[in-house]
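First comes the structure, then the notes that go with it.
2 protein chains.
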Amino acid sequence: MAGIKDVADKAGLSVATVSRALSGKSNVSAKSRKLALEAAGELGFVPSYHASSLASGRNHNIGLVVPSVHRWYFSSVLEGVSATLLDAGYDLTLYNVGDQPERRQSVLNDFLLRKRLDAVIAVALVLSDDEIQQLLAVHRPIVGIGGTLPGASTIRIDDERLARMATDHLIRLGHTRIAHVTGDAALNQDFKLPGIRQTGYQRAMTAAGLDIRPDWQITADFTVQGAYTAARRLLGTSAERPTAVFAASDEMAVGAILAARDFGLQVPRDLSVVGMDGHELGETFGLTTIDQDPRGQGALAARTALQLLEPKSGSDDVPVPPETDQEFRTEFVIRTSTAVPPDESGLRRA
Amino acid sequence: MAGIKDVADKAGLSVATVSRALSGKSNVSAKSRKLALEAAGELGFVPSYHASSLASGRNHNIGLVVPSVHRWYFSSVLEGVSATLLDAGYDLTLYNVGDQPERRQSVLNDFLLRKRLDAVIAVALVLSDDEIQQLLAVHRPIVGIGGTLPGASTIRIDDERLARMATDHLIRLGHTRIAHVTGDAALNQDFKLPGIRQTGYQRAMTAAGLDIRPDWQITADFTVQGAYTAARRLLGTSAERPTAVFAASDEMAVGAILAARDFGLQVPRDLSVVGMDGHELGETFGLTTIDQDPRGQGALAARTALQLLEPKSGSDDVPVPPETDQEFRTEFVIRTSTAVPPDESGLRRA
DNA sequence: GTCAGGGCTGGAAGCGCTTGCAGAAGTTAC
DNA sequence: GTAACTTCTGCAAGCGCTTCCAGCCCTGAC
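Going down the list, the protein sequences come from chains A and B.
The first sequence lines up with residues 15 to 364 when you count with the numbering used here.
The second sequence lines up with residues 15 to 364 when you count with the numbering used here.
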């Protein structure tokens, strides 16, 4: 383990100059820089992370707090964050807090606050006021994705409006009997998303003067299999069947499509299905959906955090003010899972 | 930001004693410990990570290197590792190197080697000899999952044997026309898994004296949608169709099932399908598969790494020797996607 | 030839902890 | 009461860098 001292000796320079040379500082002559670089190369010198962090106060390490790493949305965000940070030479420390509150507490206390992170990116995290205070108290940039974090920069999409759009799409096609597959709120007490999307659905229905039937709002756990089971119940039981389904996620939409197939229902002839997310699976199923590009959201969050840390760097980007709300661009993708509703007892055939 | 000095002053103790008290060292009187703890609590003191790491040489930080974070297998492993480390009070630094060799190099050089990690867990990583040397040179525990890492502890499953088992299962049911959906090797040059599973398939076929038709070995990218597309081609084109498919992953098996449905083929009546992995989706589709519990593999890898770092800790576990190969327990799960082959032109009906 | 000014450099003081060491204090056995 | 220990405690020396500061050398202007 060669230290900077060894490099200095080998290069015939002082430790100070070597440090400056290796970290690309300005006040070093070309000759010294070359010497230092050569010596470092030959010795395989890599500066100690902790020592330089301790001395400089900078860590080049950003924390990411997620409630899950396994669900599609989160792993997509993670991927976006990870790629951006790696490219910028930053480490990513991952806190997969799950839905256990006690683990969240310990993460906040024992990890995040230990001054080891330059910034924190929190995904879909709803914190108590106390917890927000704790976080803000460390005076590090915090950027939130899809959660509510007063006092922090956030990247978000307008879930309610988008859910309304998706529902409206069905309404405009002529559907009146529209069901909704929502996520399970109990899955994660802090995950308010399902409720918000459901509200969007309900508002769209109300605005169009349509019935909102409680038994047509079914709950699943954001997975294909969960929605499949729930949708089988919906489509199998009801004497009067919905002609369209808006699912709060693409995976659940796919589950609904699979359930429909089980009953011999063709999509979109007998049942229109709209999803939400932009999952890769949607393409295979011709799913109409709203693509929210979570990978892009993660990348943007990471870029925002980096910019907060190094305002000068980069080109002439507009600097991001510390408290800022960026609405992320989404895309309505119309494929083949939606169509006009089936003829009702031959009425339209006439 | 209260420092340890402040705590010492407040408690009327020396910095040294406070340090020992807070880190649970033995040689501190109950009284001093109480004083230190109280003072630290009141000041909200949290020791600086970098300072303590620098001074002690321990980081409480383990690195995880994965080729992807988005694919089911890897996010499952990640989840297992993450939960175990968090519980043990360790940080997890994530290196999602993707399949770009240059990113891998920079990760190895600039990150892993900077003495900031106590150990490294590498998933499905095939390294060059040089790279292995580099890694071993840091003298830190290295645990590999599913890759080949001579000189490191590894957790692995015997992919070839398992693939053979899966294929044999079909053969024993009476199938002779068995196709294979393999993963795309080009996806990731270092990812040898698809080839190994394919070998298992081929060996089983050969051992049973069955034909291995090149056009029945189709390639997909480990996703449902990829296998779906590939399987449509397989099932649509062939005048003579296979009666069974062994897919190198559950997601691809599901893709094959979906493709079969498109052609009106019923599973398992017209086509038997076996997968491999233990994906949650398998349950919904009644998929027969080999469950390899990647989450458990991740947890085991993390525990192995921790044990390598702190041999004394834990109960009377058998200590893990540095170079050790643990074969992970898998489970053959027989569901409803496999059955005897369909009657051939009524022969068996007689 | 002198002097101001700028570019580089090295010394040294930390960054905030951990820990070896030696000594103070408290115990026990005679 | 003393010797011989055992516990605790505080001092101080780092851990391996970064960076302030002062000083050196070299230009260029006068």
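Think of the CB as a built atom: it goes at the ideal place given N, C-alpha and C, for glycine as much as any other residue.
First through last residue of the alpha helix (DSSP H) which encompasses residue 156 of chain A: To locate residue 156 of chain A, count along the first sequence from 1; it is residue 142. Taken as a continuous stretch (DSSP letters only), residue 156 of chain A belongs to no alpha helix (DSSP H), being part of the beta strand (DSSP E) at 156 to 159.
Start and end residues, alpha helix (DSSP H) containing residue 271 of chain B: In the second sequence, residue 271 of chain B corresponds to position 257, counting from 1. That run of the alpha helix (DSSP H) goes 264 to 276.
Environment of residue 251 of chain A [buried if 16+ CB atoms lie within 10 Å]: Residue numbering aside, residue 251 of chain A sits at position 237 when the first sequence is read from its first letter. Looking at its Cβ environment, which holds fewer than 16 other Cβ atoms inside 10 Å, residue 251 of chain A is exposed.
C-alpha gap between residue 150 of chain A and residue 158 of chain A, whole angstroms: Taking the first residue of the first sequence as position 1, residue 150 of chain A is located at position 136. Taking the first residue of the first sequence as position 1, residue 158 of chain A is located at position 144. Distance between the alpha carbons of residue 150 of chain A and residue 158 of chain A is about 12 Å.
Under the three-state DSSP convention, the category residue 190 of chain A falls into: In the first sequence, residue 190 of chain A corresponds to position 176, counting from 1. Three-state DSSP puts residue 190 of chain A in coil, outside helix and strand.
Residue 108 of chain B versus residue 74 of chain B: straight-line alpha-carbon distance, rounded: As a position in the second sequence, residue 108 of chain B is number 94, starting the count at 1. As a position in the second sequence, residue 74 of chain B is number 60, starting the count at 1. For residue 108 of chain B and residue 74 of chain B, the distance between alpha carbons rounds to 14 Å.
Helix, strand or coil at residue 298 of chain B [DSSP, three-state]: Counting from 1 along the second sequence, the entry for residue 298 of chain B is found at position 284. Residue 298 of chain B: helix per DSSP, three-state reduction.
Segment limits, beta strand (DSSP E) that includes residue 170 of chain A: As a working note, residue 170 of chain A is residue 156 in the first sequence. Where residue 170 of chain A is concerned, the enclosing beta strand (DSSP E) stretches over 167 to 170.
Closer than 7 Å at the beta carbon, the chain A residues around residue 298 of chain B: As a first step, residue 298 of chain B is located in the second sequence; it is residue number 284 there, counting from the start. What residue 298 of chain B touches in chain A: 238, 239 and 242.
Whether residue 308 of chain A touches residue 104 of chain A by CB criterion (7 Å): Here residue 308 of chain A is taken as the residue at index 294 of the first sequence, counted from 1. Here residue 104 of chain A is taken as the residue at index 90 of the first sequence, counted from 1. Their beta carbons are not under 7 Å apart, which means residue 308 of chain A does not touch residue 104 of chain A by this criterion.
Residue from A:64, A:50 and A:164 whose Cα sits closest to the Cα of residue 27 of chain A: Counted from its first residue, the first sequence places residue 27 of chain A at position 13. Per the Cα distances, A:50.
Distance between residue 93 of chain A and residue 313 of chain A (C-alpha atoms, nearest Å): Indexing the first sequence from 1 puts residue 313 of chain A at position 299. Indexing the first sequence from 1 puts residue 93 of chain A at position 79. Rounded to the nearest angstrom, the two C-alpha atoms are 8 Å apart.
Local Cβ density within 10 Å of residue 236 of chain B, reported as buried at 16 or more and exposed below that: As a working note, residue 236 of chain B is residue 222 in the second sequence. With 16 or more other Cβ atoms within 10 Å, it is buried.
Three-state secondary structure (DSSP) of residue 83 of chain B: Here the question's residue 83 of chain B lines up with position 69 in the second sequence. In the structure shown, residue 83 of chain B sits in coil (DSSP, three-state: anything other than H, G, I, E or B).
Residue 341 of chain A - partner residues in DSSP beta bridges: Against the first sequence, residue 341 of chain A aligns to sequence position 327. Partner(s): A:170.
Extent of the continuous alpha helix (DSSP H) to which residue 320 of chain A belongs: Here residue 320 of chain A corresponds to residue number 306 of the first sequence, with the count starting at 1. That run of the alpha helix (DSSP H) goes 308 to 323.
Minimum C-alpha distance to residue 323 of chain B - residue among B:131, B:136 and B:54: Here residue 323 of chain B corresponds to residue number 309 of the second sequence, with the count starting at 1. Nearest option by C-alpha distance: B:131.
Exposure of residue 282 of chain B, with buried meaning 16 or more beta-carbon neighbours within 10 Å: Residue numbering aside, residue 282 of chain B sits at position 268 when the second sequence is read from its first letter. With 16 or more other Cβ atoms within 10 Å, it is buried.
Contacts of residue 65 of chain B in chain A (Cβ-Cβ under 7 Å): Working through the second sequence from its first residue, we reach residue 65 of chain B at position 51. Per Cβ cutoff of 7 Å: 68.
Interface residues of the stretch 73 to 94 of chain A facing chain B [CB-CB below 7 Å]: 83, 84, 89, 90, 92 and 93
Extent of the continuous beta strand (DSSP E) run through residue 284 of chain A: Indexing the first sequence from 1 puts residue 284 of chain A at position 270. Per DSSP, residue 284 of chain A belongs to no beta strand (DSSP E) and is neither H nor E.
Stretch pair the stretch 244 to 261 of chain B + the stretch 45 to 61 of chain B: three plus CB contacts closer than 8 Å: no
CA nearest to the CA of residue 365 of chain A, picked from A:197, A:192, A:254 and A:207: Examination of residue 365 of chain A is not possible in this model, given that chain A is present from 15 through 364 alone.
Neighbourhood of residue 22 of chain B by C-beta distance below 7 Å, restricted to the same chain and skipping five residues each side: One-based indexing of the second sequence puts residue 22 of chain B at position 8. Here the set comprises 28, 29 and 32.
Minimum C-alpha distance to residue 120 of chain A - residue among B:133, B:197 and B:101: Position 106 of the first sequence, counted from the first residue, corresponds to residue 120 of chain A. Nearest C-alpha to residue 120 of chain A: B:101.
Three-state secondary structure assigned by DSSP to residue 259 of chain A: Position 245 of the first sequence, counting from 1, holds the residue named residue 259 of chain A. Note: residue 259 of chain A maps to strand in three-state DSSP.
Residues near residue 54 of chain B by beta carbon distance below 7 Å, same chain, minus five either side: Translated into positions along the second sequence, residue 54 of chain B becomes position 40. Here the set comprises 21 and 36.
Local Cβ density within 10 Å of residue 71 of chain B, reported as buried at 16 or more and exposed below that: Walking along the second sequence from the start, residue 71 of chain B turns up at place 57. Exposed: under 16 other Cβ atoms inside 10 Å.
Contact set for residue 243 of chain A: own chain, Cβ-Cβ below 6 Å, skip 5 residues either direction: Working through the first sequence from its first residue, we reach residue 243 of chain A at position 229. Result list for residue 243 of chain A: empty, nothing under 6 Å.
Contact list for residue 117 of chain A against chain B, beta-carbon separation under 9 Å: Start at 1 with the first residue of the first sequence, and residue 117 of chain A comes out as number 103. Under the 9 Å cutoff, chain B gives 97, 100 and 101.
Cα-Cα separation between residue 348 of chain A and residue 152 of chain B, rounded to whole angstroms: Taking the first sequence and counting its residues from 1, one reaches residue 348 of chain A at position 334. Taking the second sequence and counting its residues from 1, one reaches residue 152 of chain B at position 138. So the two alpha carbons sit approximately 53 Å from each other.
For residue 161 of chain B and residue 136 of chain B, believed in contact at Cβ under 8 Å, the rounded distance: Within the second sequence, the letter at position 122 stands for residue 136 of chain B. Within the second sequence, the letter at position 147 stands for residue 161 of chain B. Confirmed, Cβ separation roughly 6 Å.
Candidates A:343, A:43, A:182 and A:163, of which the one nearest residue 216 of chain A by Cα: Within the first sequence, numbered from 1, the residue matching residue 216 of chain A stands at position 202. It is A:182.
Beta carbon proximity, residue 246 of chain B to chain A, threshold 7 Å: Counting from 1 along the second sequence, the entry for residue 246 of chain B is found at position 232. No, residue 246 of chain B lies away from the interface with chain A (no Cβ there is under 7 Å from its Cβ).
Residue nearest to residue 354 of chain A in terms of C-alpha spacing, selected from A:184, A:238, A:255 and A:296: On the first sequence, position 340 is the one that residue 354 of chain A refers to. Checked all of A:184, A:238, A:255 and A:296; the closest Cα to residue 354 of chain A is A:184.
Residue-level contact to chain B via CB, residue 295 of chain A, 7 Å cutoff: Here residue 295 of chain A refers to the residue found at position 281 of the first sequence. Closer than 7 Å to some Cβ of chain B, the Cβ of residue 295 of chain A qualifies, so yes.
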